[in-house]
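Written out below as structure tokens is the structure these notes cover.
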Amino acid sequence: METMKKKPIVAVVYNCLMALATATLGAVVLSWPLLAVFVKIQKTNLIVKTTLATVMKNYTQLLDYLLLPFNDKLQMSNFPTSSSAARHFYECKLLFELAIIVFVVGLLILIFLKMRKRMSYIYISRTTALIFMILPVIILPFALMNFDEFFIAFHHLLFNNGDWLFNPATDPIINVLTEEFFAGCFATGGIIYELYFSCFILSKKKEL
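Numbering-wise (the numbering used here), the sequence shown opens with residue 1 and increments by one.
Okay, structure coming up:
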């Protein structure tokens, strides 16, 4: 009986962490083509007086720094980085690396349980999955009505300093990383999160 009680808790924690890690990493990876689209539409490359290709090259360098564990030096070819911005990017790097660790460990657990035919340990019911899907919907109206306030609240939640407040004069990269771009990234992460739990809703497996 005790084992049966523990299984749902383990499954909920596992899937919550995996959904967040998957959504985070998916949003970061897909932010590359997303930025290309926004720069093209908003023509923000003209603000920094460079080409779309140059912007994307520098953003690739930024993503390499944020996602590759052994890349410990941030250097964008055409965009200077202030010390405060460098600290913020480093804090982001730590969060993304945590997401990578959670995702890789979670994937290994999934493979192990699949091989041992013990998938029930991480399976959640359709009802539980639906609850997790509803939670972001509660936040959605606030985010849509005032994304700027939502964005600020999000940063206050994750960071304990003001390093995320970039000055365009010292960190021109912020001119191309617009509010609309970040909103698109959040939307992408939200969609991936919803798709993750929708797999349980659409699953033919009987609820445990």
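C-beta atoms are modelled at their ideal positions from N, C-alpha and C, and glycine is treated no differently.
These numbers were taken from a predicted model, which means no experiment stands behind them.
Alpha carbons only, please: which of the options is nearest the one belonging to residue i?
| i | options | result |
| --- | --- | --- |
| L46 | N175, L107, L95, T24 | N175 |
| D171 | A27, G106, L62 | L62 |
| F186 | Y90, V104, V29 | V29 |
| N78 | Y65, P168, K57, L94 | K57 |
| V104 | L20, N71, L144, T50 | L20 |
| T54 | L35, I191, L95 | L35 |
| A27 | C199, F182, F200 | F182 |
| Y59 | N71, W32, D72 | W32 |
| L25 | T81, I41, G190 | G190 |
| I131 | I201, T50, T22, L140 | I201 |
By the three-class DSSP mapping on this structure, what secondary structure does residue i have?
| i | result |
| --- | --- |
| L177 | coil |
| M115 | helix |
| Q75 | coil |
| T44 | helix |
| A53 | helix |
In whole angstroms, what is the alpha-carbon distance linking residue i and residue j?
| i | j | result |
| --- | --- | --- |
| S83 | R126 | 47 Å |
| V39 | L52 | 7 Å |
| L67 | E97 | 7 Å |
| A86 | L74 | 7 Å |
| L110 | M119 | 8 Å |
| L208 | P136 | At L208 the pLDDT is 41, less than 50, meaning the model places this residue with poor confidence; the figure from the coordinates comes in the next sentence. One C-alpha to the other measures close to 25 Å. |
| S198 | A169 | 44 Å |
| F112 | Y14 | 14 Å |
| L107 | Y193 | 16 Å |
| T3 | L144 | Low confidence applies to T3: its pLDDT is 43, below 50, so where it sits in the model is not reliable, and the reading given next is rough at best. So the alpha carbons of these two residues sit roughly 42 Å apart. |
| E179 | N146 | 11 Å |
Self-check item: Meets three-Cβ-pair contact criterion under 8 Å: the region 167-185 and the region 36-56
Solution: Between the region 167-185 and the region 36-56, the count of Cβ pairs shorter than 8 Å is three or higher; the stretches touch.
Practice problem: Return the chain-ordered ranges of every alpha helix (DSSP H) run that is complete within the region 81-152 and spans a minimum of 4 residues. | Solution: Listed in chain order, the alpha helix (DSSP H) runs fully inside the region 81-152 are 83-115, 126-145, counting runs of at least 4 residues.
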